[in-house]
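Right, one structure below, let's go through it.
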Amino acid sequence: MTATRPSSSSSPSGLATACACANIALVKYWGKRDARLNLPAQGSLSLTLAELTTTTTVHFSEALDSDALYLSGQLVAGKEVLRMSQWLDLVREAAGITHRALVRSANSFPTASGLASSASAYAALAVAASAAAGLALSPTELSILARRGSGSAARSIFGGFVRMHRGERDDGTDCVAAPLGADDWPVRMVIAIVGGGKVKEHSSRDAMDHCAETSPLYAGFLAAVPRDLMAAEEAISRRDLEALGQIAEASALAMHGAAMASRPATIYFEPATLACMARVRELRRSGTLAYYTMDAGPHVKVLTDAGSAAAVAGALRELPGVSEVLVSAPGGGTVLVADAAPVEAT
Ligand code: PMV
């Protein structure tokens, strides 16, 4: 397969494939300032991961009556398809086309389990669908398009450490992600899958709205983000894993604290989540630089250095309730895959 960087180029066949890496936020996005445009209430900062990928083929065709989505070969029905269809309307409108699309997507990791599947899903969709529709978009425009599908997806357009800007404008044109560099820094993310990667109970989308509406701690979470972003950027520029890790843990706990204080509560942690967190603290006491973060699911992702990743993975693998442990290096931005197998528009 040949991978090329977007901007997306014109595809007269209406067909294109893209591959995106998921990302894990070190300073969390949790809550919106505009629901329709999907504008976040605050900025965020993440690390794109090489091992967690989504590959998506989009085929616009006049032979189709409606949009269809296949995930790992299975036809998907319900609100996920409606959401994708409404998002595809943005692409159709921009490209001046009306054709429906057949979308085939596959993840290299458990879907909808808090492992950031919507990030890589909408990043891959943005690059594949815009190319298939013949739109030539810059990476910044692709980040804006991906954001309309999922806030975290705006970050997956880029590789490595990425800063998502809250922006000030009402139309969201300054609400974009941008890469922070530091590609030479050999960090790793160790991912402990808790509970077998089953489908999560509360989607991040619903849970963050519910938190913003009902949690007395939501304002406190939001207030901490600007200084966390500044400190995290400084830590990255100094290659200071300890400082970055401490911010990442604090941001994750602030997000989960606010979510837990929602009424009724949103609790993503399982016993094994807490066991992983305790193990990471123990590793740290014995001198390993390792810091945890959790998203809208029970899994624990641990930021560490390349030299410690195998030992951290080994320690988490031993814990009851941890079904799988992955180690990932930083990944690159979303790419078009030039010579992927064609998809049948049936
Ligand atoms: O992109 P969404 O709508 O799935 O929200 C992502 C929310 C978190 O993963 C919990 C945090 C983040 O910044 O990625």
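Residue numbers (the numbering used here): -14 to 331. By construction, the Cβ of each residue, glycine as well, lies at the ideal position given by its N, Cα and C atoms.
With a 10 Å radius around its C-beta and 16 neighbouring C-beta atoms as the bar for buried, classify residue i as buried or exposed.
| i | result |
| --- | --- |
| Pro124 | buried |
| Arg173 | buried |
| Val134 | Just to set this straight, residue 134 is Gly in the shown sequence, not Val. With 16 or more other Cβ atoms within 10 Å, it is buried. |
| Arg270 | exposed |
| Asp52 | buried |
| Pro171 | exposed |
| Glu186 | exposed |
| Lys64 | exposed |
| Gly(-1) | buried |
| Asp50 | exposed |
| Ala220 | buried |
| Thr83 | exposed |
| Glu126 | buried |
| Ala114 | buried |
| Arg223 | exposed |
I need the DSSP call for residue i, collapsed to helix, strand or coil.
| i | result |
| --- | --- |
| Thr40 | strand |
| Leu122 | coil |
| Asp168 | coil |
| Pro315 | strand |
| Phe206 | helix |
| Ser(-2) | coil |
| Ala233 | helix |
| Tyr55 | strand |
| Ala106 | helix |
| Asp213 | helix |
| Glu186 | coil |
| Pro249 | coil |
| Ala26 | coil |
| Leu321 | strand |
| Arg223 | helix |
| Arg302 | helix |
| Arg154 | coil |
| Glu218 | helix |
| Asp280 | coil |
| Leu100 | coil |
| Glu198 | helix |
| Ser70 | helix |
| Ser135 | coil |
| Glu78 | helix |
| Glu65 | helix |
| Glu267 | helix |
Excluding the 5 residues flanking residue i on each side, which residues of the same chain have their C-beta closer than 7 Å to its C-beta?
| i | result |
| --- | --- |
| Pro305 | Ala257 |
| Ser293 | Thr273, Leu274 and Ala275 |
| Ser313 | Leu34, Ala35, Glu36, Leu37, Arg173, Met174 and Ile176 |
| Ala298 | Val175, Val310 and Val312 |
| Ala217 | Leu11, Val12, Leu30, Leu229 and Ile232 |
Leaving out the 5 sequence neighbours to the left and right, which residues in its chain are closer than 6 Å to residue i when beta-carbon positions are compared?
| i | result |
| --- | --- |
| Ala7 | Leu34, Leu37, Ala101, Ala104 and Ser105 |
| Ala131 | Tyr107, Ala108, Ala111, Ala138, Ala139 and Ile142 |
| Ala91 | Thr40 and Ser57 |
| Thr278 | Ala233, Ala237 and Lys286 |
| Gly152 | Asp159 and Cys160 |
| Arg248 | Thr199 |
| Gly230 | Tyr276 and Leu288 |
Here's a check: name, in chain order, each residue in its chain whose Cβ is nearer than 8 Å to the Cβ of residue i, leaving out the five neighbours to either side.
| i | result |
| --- | --- |
| His150 | Gly28, Asp159, Cys160, Val161, Ala162 and Ala163 |
| Lys334 | Shown here, the chain extends from -14 to 331; a query on residue 334 therefore has no answer. |
| Glu255 | Val179, Gly180, Pro283 and Gly306 |
By DSSP's criteria, residue i is part of a beta bridge. Which residues make up the other side?
| i | result |
| --- | --- |
| Glu275 | Position check: residue 275 holds Ala in this sequence, whereas Glu was assumed. The partner list for Ala275 (beta bridge, DSSP) reads Thr289. |
| Ser31 | Ala10 and Val147 |
| Glu309 | Ile178 |
| Ala91 | Thr40 |
| Asp19 | Leu24 |
| Ala5 | Thr39 |
| Arg85 | Ser46 |
| Ala162 | Met149 |
| Leu60 | Tyr55 |
| Glu140 | Reading off the sequence shown, one finds Arg at residue 140, where the question assumed Glu. Answer by DSSP bridge pairing: none, since Arg140 is not bridged. |
| Arg173 | Thr289 |
With a threshold of 8 Å between beta-carbons, can residue i be considered close to chain D, or not?
| i | result |
| --- | --- |
| Phe206 | Protein chains in the displayed structure number just one, and chain D is not present. |
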